[in-house]
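Residue numbers (the working numbering), protein chains in the order written: chain A, 15 to 124; chain B, 2 to 116.
What follows is one structure encoded as structure tokens, with my remarks underneath.
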Amino acid sequence: DAKTTQPTSMDCAEGRAANLPCNHSTISGNEYVYWYRQIHSQGPQYIIHGLKNNETNEMASLIITEDRKSSTLILPHATLRDTAVYYCIVLTGTASKLTFGTGTRLQVTL
Amino acid sequence: EAGVVQSPRYKIIEKKQPVAFWCNPISGHNTLYWYRQNLGQGPELLIRYENEEAVDDSQLPKDRFSAERLKGVDSTLKIQPAELGDSAVYLCASRHRGTNTGELFFGEGSRLTVL
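Structure representation (structure tokens):
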């Protein structure tokens, strides 16, 4: 599975959009981009995933560049409850396991 | 629908003592994972089950760790004897066969402290 690079930490004001970047320059054509988050003292939670088209659900939007070498997770109106570590993971559709990096620690402030 | 249930949530033991963690996955989920998460790091896979069969245990330290999923539902992860370096959060996750391979449901984890 391709490796990903994420900033160590980010801050965002409550009510503003949080844009979390992820680089995956070695991604293969059959690899998906998955995003998870982990709130303090909880297990990771699936957010969204995509292959090449942009995706949106009730939690977030995922924007994947045309060359698929990077993506951005967007939380449109961040709240204090969105403070968490966000993991970007790349894997194939037949992959048997998730491999987590160290993620981005997002701090949402008043 | 109940999520993945793990117990205990917290466990403090002295080194060389045994410890066991229990996981009840979401009903109908045939794939079960045990991950270990060290402080400040992302979770790392220890073992994956497909029903009752352990299909990937390459990262499980087999000298002291063991796991079982006898009837393909609940699972237990055991450490005997525990070492100081085993202090971590042990996470269980499950997935339904028909869902995306990357969409796992995690429990809240069991935090182990070895003194």
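Ideal Cβ positions, reconstructed from N, Cα and C, are used throughout, including at glycine.
None of these values were measured; they are calculated from a predicted model.
I need the straight-line Cα distance from residue i to residue j, nearest angstrom please.
i, j, result
"T116 of chain A", "H63 of chain A", "18 Å"
"S85 of chain A", "A83 of chain B", "41 Å"
"F106 of chain B", "T108 of chain A", "17 Å"
"P44 of chain B", "Y36 of chain B", "6 Å"
"L92 of chain B", "L76 of chain A", "26 Å"
"D64 of chain B", "Q81 of chain B", "9 Å"
"T18 of chain A", "I88 of chain A", "17 Å"
"G103 of chain B", "L105 of chain A", "7 Å"
"C36 of chain A", "L65 of chain A", "14 Å"
"I13 of chain B", "Q42 of chain B", "21 Å"
"T70 of chain A", "P58 of chain A", "19 Å"
"A31 of chain A", "P90 of chain A", "4 Å"
"H97 of chain B", "P21 of chain A", "32 Å"
"N67 of chain A", "N44 of chain A", "13 Å"
"Q75 of chain B", "A55 of chain B", "For the sequence presented, residue 75 of chain B should be read as Asp rather than Gln. Roughly 13 Å separates the two Cα atoms."
For residue i, tell me which candidate among the options has the shortest Cα-Cα distance.
i, options, result
"T100 of chain B", "A:Y60, A:G29, A:L34 and A:K83", "A:Y60"
"Q7 of chain B", "B:S95, B:L116, B:G41 and B:T102", "B:S95"
"E51 of chain B", "B:W23, B:R10, B:R70 and B:L40", "B:R70"
"T97 of chain A", "A:C36, A:Y46, A:G43 and A:R51", "A:R51"
"E9 of chain B", "B:G86, B:K79 and B:H97", "Rather than Glu, the amino acid found at residue 9 of chain B in this sequence is Pro. Of the listed residues, the one whose Cα sits closest to P9 of chain B is B:K79."
"A74 of chain A", "A:S23, A:H54 and A:Y48", "A:Y48"
"R49 of chain B", "B:Q38, B:N31, B:Q42 and B:G41", "B:N31"
"I34 of chain A", "A:C102, A:E72 and A:Y46", "It is Leu, not Ile, that sits at residue 34 of chain A in the sequence shown. That would be A:C102, whose Cα lies nearest to the Cα of L34 of chain A."
"F66 of chain B", "B:Q38, B:G29 and B:D87", "B:D87"
Between which residues of its own chain and residue i is the CB-CB distance below 7 Å, once the five residues before and five after are set aside?
i, result
"D25 of chain A", "Q121 and T123"
"A27 of chain A", "T123"
"L85 of chain B", "K16 and V115"
"I41 of chain A", "A16, R82, K83 and V104"
"T93 of chain A", "E28 and V122"
Can you tell me which of the three DSSP states residue i falls into?
i, result
"R95 of chain A", "helix"
"L85 of chain B", "helix"
"I27 of chain B", "coil"
"M73 of chain A", "coil"
"P90 of chain A", "coil"
"V74 of chain B", "coil"
"I61 of chain A", "strand"
"S85 of chain A", "strand"
"N33 of chain A", "strand"
"Q60 of chain B", "coil"
"R98 of chain B", "coil"
"L116 of chain B", "coil"
"Q133 of chain A", "Residue numbering for chain A in the displayed model covers 15 to 124; residue 133 of chain A lies beyond these limits and cannot be assessed."
Mind checking if residue i is an interface residue toward chain C, Cβ cutoff 9 Å exclusive?
i, result
"N101 of chain B", "This model lacks chain C altogether, as its protein chains are A and B."
Considering only residues of the same chain and omitting the five flanking positions on each side of residue i, which have a CB-CB separation below 6 Å?
i, result
"A21 of chain B", "T77 and K79"
"L61 of chain B", "L47 and I48"
"R112 of chain B", "Y11 and V90"
"R119 of chain A", "S23 and V99"
"P26 of chain B", "V5, L33 and S95"
Whose C-beta lies closer than 8 Å to the C-beta of residue i among residues of the same chain, with five residues either side of it excluded?
i, result
"P19 of chain B", "K79, I80, Q81, P82 and A83"
"E108 of chain B", "Reading the sequence as shown, one finds Gly at residue 108 of chain B and not Glu. Same-chain partners within the cutoff: G4, V5, V6, Q7, C24, L92, C93 and A94."
"D57 of chain B", "L46, I48 and R49"
At a CB distance below 8 Å, what residues from the stretch 59-83 of chain B approach chain A? Give them in sequence order. none
Identify each residue in the stretch 18-32 of chain B for which the Cβ-Cβ distance to at least one residue of chain A is less than 7 Å, and report them in chain order. none
Cβ-based contacts, 8 Å cut-off: residues of the stretch 37-65 of chain A near chain B: Among the residues of the stretch 37-65 of chain A, those with a Cβ less than 8 Å away from any Cβ of chain B are Y46, Y48, S55, Q56, G57, P58, Q59, Y60 and H63, in the order of the chain.
Members of the stretch 91-115 of chain B that neighbour chain A once the beta carbon cut-off is set at 9 Å: So the close ones are L92, C93, A94, N101, T102, G103, E104, L105, F106, F107, G108, E109, G110 and R112.
Mind listing which residues of the stretch 38-51 of chain B have their C-beta closer than 8 Å to chain A's C-betas, in chain order? G41, Q42, G43, P44, E45, L46 and R49
Contact set between the stretch 73-90 of chain A and chain B, restricted to residues whose Cβ is under 7 Å from the partner: none
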